[in-house]
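Report on the following structure.
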Amino acid sequence: MSLKRNILDLRKRKEKVLQGGGEKAIQKQVAMGKLTARERVTSILDEDSFHEYDMFVEHEARDFGMEKKELHGDGVIIGTGTIYGEPVCIFAQDFTVAGGSLGLMHARKITKIMDHALKMRVPLIGINDSGGARIQEGVNSLAGYGEIFFRNTLASGVIPQLSIILGPCAGGAVYSPALTDFVFVVENISKMFITGPEVIKTVLGEEITMEELGGAKVHSEITGNAHFYALSEYECFEQIKKLLTFIPWNNTKKAKAFPPKPPRPEYKIEEIVPSDPTQPYDIRNVIKSVVDDSDFFESMENFARNIVVGFGRMNGETVGFVANQPLVLAGVLDCDSSDKAARFIRYCNAFNIPIVTLEDMPGYLPGVDQEHMGVIRHGAKILYAYSEATVPKITVIIRKAYGGGYIAMNSRHMKADFMFAWPNAEIAVMGPDGAANIIFKKEIMAAADPEAMRKEKVAEYREKFANPYVAAAKGYIDTVIEPQETRNMLLHSIEVSSNKVDSRPAKKHGIPPF
Amino acid sequence: MGNLKEFNVDGTVYTTELTKKFENRKPWVRPNPKHINSFIPGTIVEILVKEGQEVKEGENLMILEAMKMKNQIKMPFDGKIAKVYVTEGEKVPNRLLMVEIE
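Read top to bottom, the protein sequences are chains A and B.
FYI, the numbering for the first sequence is 1 to 514, going by the working numbering.
FYI, the numbering for the second sequence is 1001 to 1102, going by the working numbering.
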């Protein structure tokens, strides 16, 4: 063959693979409201930046008639490309080819691009749309999952790993996303579960739809498996691209800096927070009143809403925010909010992102269910995460800092670098009501008018302890600031922390209360 | 702000939204040792005792099949069966009251 004929032959071969599972399968995919795997990849990456590898991979299955089946690319697309000009590795399961089922070669393609991402120290983006293990390939497909999980774990904390669930992701397949840093789901399209509705019905007699069992809403509101929820695939891709502007390309780098911008004038910090500590407000408005351009990118927006986590920029540099949310459950800590915050803190620490903690919380959520669900070990995760973090850590006590929550929320004692408090901050073992009831129990009971006495004692306690100056007198608080000084103090403290050197004892690894 | 409610933490009443998860939490009830509940959803394949029968501790009351396992439901202490709430072949959910002991 002449070179020209060879080239024509190559083009023909490529064209065949590009058809994926063929016209009919693609029509089905579209009818489900889904984009094809290739459309997804090219929509996420910069235009014309995608380069595909392993197009001509073939499966080796020889049982159950598989020897006669040609599966283009073995049901997965892998390659490299750029996002905002920066390199990334990507894979996308192709549901049109044998339902995106995972066989040996399919898994080998994924692990190849994972190895590449880790070696090149660039983010890995995985698009999951697969019916699960390719049953005809038996243990080989299980082996494939195992190899993927192992690499997810190796890459964890070294390169960002993003999982996008754009179809079913069931059984063993769910564990790869669960091991990655951020999981994206789309309404009506994403479905994640260990055992599907069919099995649940047969074995347990419980009837439930896929959407109710493991749809996008379920994972973003109830389970906390998903970090970002979108109404369409395109919205989801925008979220991915936005997230990538906030995070560094690997754990040796800092996130890209942007030109500094002031917060928008409509966010007036002094007007957001009611002085009565029992009254609610949206803490996100406080964050927006201090970050550049009031642009706060929230993660896990709908899960454990009593704590808020996410990214913003200060003077153009990425900062991770952890903030109690008085608007929901008064901002208490509980099992879910502890998990949510702890994981985010660890992410920031792994990827050199300074952490700003905004504190306004009355304590832990009381209740038998919380205690029996293990609020002790869940709550301990926050202590662990803050204590082990060596990135710059700054805390602003906005209003309430009571009891264990005061300690947990990046207190001086967890080695916060800077501790600020607003003048209305109340730092105490518990709220004045609870404290007065205990300390002055005898006086209150003996009084002619117990209710009047109780009120008097509550006021006495509030006067004495419910302020920032007792803590400031001990140096637990570095300075008491006016609310409108908050942004400047944060900017300054981040700036002077930029060469922070801090270390922890050398060890193989700690034993966090998982 | 959404639906604001009163919420008590350590004696102080806060005004705040509640979460679905919090509002749907199950209230705790002290388990009654005389109640035998299913510990897993499944099917009652065989019932070995009758109402009014005296049963010794450790004797089989019934077989609850779940996840392809035939689980023997045993008498927790010597006693008399007050009532059997399930029938053979019945599919039961988790934590369903199956037998009451007098």
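Every residue gets a Cβ at the ideal spot worked out from N, C-alpha and C, and that includes glycine.
Would you say residue i and residue j are within 8 Å of each other, going by their C-beta atoms?
i	j	result
Asn424(A)	Ser289(A)	no
Pro1041(B)	Ala1066(B)	yes
Met453(A)	Ala459(A)	no
Thr1012(B)	Pro259(A)	no
Thr390(A)	Arg504(A)	yes
Ile1101(B)	Ile1073(B)	no
Ser156(A)	Asn128(A)	no
Lys457(A)	Ala436(A)	yes
Lys112(A)	Met55(A)	no
Ala401(A)	Gly316(A)	no
Pro432(A)	Ala385(A)	no
In angstroms, rounded to a whole number, what distance separates the CA positions of residue i and residue j?
i	j	result
Asp181(A)	Tyr175(A)	12 Å
Ala98(A)	Tyr234(A)	25 Å
Lys1080(B)	Met1069(B)	27 Å
Arg343(A)	Lys268(A)	30 Å
Ala107(A)	Ile148(A)	7 Å
Gly73(A)	Gly310(A)	37 Å
Val291(A)	Ala117(A)	32 Å
Leu231(A)	Gln93(A)	21 Å
Arg11(A)	Glu60(A)	24 Å
Asn515(A)	Met314(A)	Beyond the ends of chain A as shown, which are 1 and 514, falls residue 515(A); an answer cannot be given.
Ile427(A)	Met414(A)	16 Å
Thr479(A)	Ile90(A)	47 Å
Glu301(A)	Leu3(A)	56 Å
Glu270(A)	Tyr281(A)	12 Å
Asn1060(B)	Lys1050(B)	12 Å
Phe296(A)	Phe321(A)	9 Å
Ser190(A)	Pro1076(B)	45 Å
Ser299(A)	His227(A)	5 Å
Val286(A)	Pro483(A)	10 Å
Asp1078(B)	Gln1053(B)	11 Å
Glu137(A)	Val1086(B)	43 Å
Tyr347(A)	Leu104(A)	32 Å
Ala31(A)	Ala25(A)	10 Å
His518(A)	Val273(A)	The displayed coordinates of chain A run from 1 to 514. Any statement about residue 518(A) would go beyond what the structure contains.
His51(A)	Lys109(A)	14 Å
Ala472(A)	Arg462(A)	16 Å
Lys254(A)	Phe303(A)	28 Å
Tell me whether residue i is buried or exposed, calling it buried when 16 or more other Cβ atoms sit within 10 Å of its Cβ.
i	result
Ile511(A)	exposed
Arg5(A)	exposed
Thr1019(B)	buried
Trp422(A)	buried
Val501(A)	exposed
Lys68(A)	exposed
His378(A)	buried
Gln27(A)	exposed
Asp22(A)	In the sequence as displayed, the identity of residue 22(A) is Gly instead of Asp. Counting Cβ neighbours within 10 Å, Gly22(A) comes out exposed, since fewer than 16 surround it.
Phe514(A)	exposed
Glu1057(B)	exposed
Asn152(A)	buried
Pro265(A)	exposed
His219(A)	buried
Asn140(A)	buried
Gly75(A)	buried
Between which residues of its own chain and residue i is the CB-CB distance below 6 Å, once the five residues before and five after are set aside?
i	result
Val319(A)	Gly312, Pro354 and Val356
Pro160(A)	Pro123, Asp181 and Ile247
Thr1016(B)	Phe1007
Met409(A)	Thr357 and Glu359
Ile1047(B)	Met1062 and Glu1088
Lys1091(B)	Thr1043
For residue i, which residues in the same chain have their Cβ closer than 8 Å to its Cβ, ignoring the five residues on either side in sequence?
i	result
Ile283(A)	Val308, Ala323, Asn324, Gln325, Pro326, Leu327, Gly331, Leu358, Asp360 and Ile398
Ile194(A)	Ala170, Gly171 and Val174
Ser387(A)	Met414 and Lys415
Gln407(A)	In the sequence as presented, Gln is not what sits at residue 407(A); that position holds Ile. Cβ neighbours of Ile407(A) beyond the five flanking positions: Leu383, His413 and Met414.
Gln370(A)	Asp334, Cys335 and Tyr364
Glu58(A)	Glu70, Leu71, Asp74 and Met105
With a threshold of 7 Å on Cβ separation, who are the neighbours of residue i within its own chain once the five nearest residues in sequence on each side are excluded?
i	result
Met489(A)	Phe420 and Ile481
Lys381(A)	Ser338, Asp339, Ala342, Pro512 and Pro513
Lys1034(B)	Glu1100 and Ile1101
Leu1096(B)	Asn1037 and Ser1038
Thr209(A)	Pro197
Could you tell me whether the stretch 74-84 of chain A touches the stretch 41-50 of chain A, using the rule of 3 or more Cβ pairs below 8 Å?
yes
Between the stretch 20-40 of chain A and the stretch 55-70 of chain A, are three or more C-beta pairs nearer than 8 Å?
no
Counting only Cβ-Cβ distances shorter than 9 Å, please list the residues of the stretch 1041-1053 of chain B near chain E, keeping chain order.
Among the chains of the structure shown, chain E does not appear; the protein chains present are A and B.
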